[in-house]
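Step one of this worksheet: look at the structure below.
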Amino acid sequence: MAAGAAALVFLAWRVWFDDGDSVPTVRHKSGPQVTYVCPRRHSYKLPLRVEPPSCPTCGQLAFPRAEYRCEMHGTFEVAVRHAAGAGGKIKASELRLPGKDWVSIEEPLKCPRCKRELIRRHRDPLETRRGRDPRRGG
Ligand SMILES: [Zn+2]
Ligand SMILES: [Zn+2]
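The following block contains the structure:
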């Protein structure tokens, strides 16, 4: 069982790094739209950017959100901060659990209650349930 869970964690992180981010890559000029959420739960869509925008309703900084899951303690909503990478490409750089400090995306994100490594949840529940077939053609 432990080996299976470890494999799942590994797979989740591989998927994370393969995709770069959950933000869909759209080739339009406007860039990918993401949902920004402020600390008071106002949400709105904006093109992805490095500087976090101020919420038009309450003026607090808003960040895109991602979901991370602990097998014991359920799902945590994590704020994502972006930075400009090589070639000016915007990529996720830091994560913040509710009420915690920002941590580098290269660090494993730990459950605040049991310190286990959290597993990133994907937006599409069907995709997650069906799993990915790693076989290659040929
Ligand atoms: Zn707000
Ligand atoms: Zn936990």
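Residues in the sequence shown are numbered from 843 upward in steps of one, following this note's numbering.
Backbone N, C-alpha and C define an ideal beta-carbon position, used for all residues, glycine too.
Small disclaimer: the values here were computed from a predicted structure and weren't measured.
For ligand 1, no non-hydrogen atom lies closer than 7 Å to the CB of threonine 917. Between the stretch 894 to 902 and the stretch 940 to 953 there are fewer than three inter-stretch CB-CB distances shorter than 8 Å, so the stretches are not counted as touching. Looking at the backbone, the Cα of arginine 955 and that of glycine 927 are separated by about 32 Å.
A direct Cα-to-Cα measurement between serine 896 and methionine 914 gives close to 34 Å.
Taking the Cα positions, serine 885 is about 29 Å away from arginine 958.
With distances taken between CA atoms, alanine 921 lies nearest to Arg962 out of Pro874, Arg962, Gly873. One Cα belongs to arginine 891, the other to isoleucine 932, and the distance between them is close to 7 Å. Exclusion of the five residues before and after arginine 907 leaves Thr877, Val879, Glu919, Val920, Ala921, Val922 as the residues of its chain whose Cβ lies within less than 8 Å of its Cβ.
Per DSSP, reduced to three states, the secondary structure at glycine 930 is helical.
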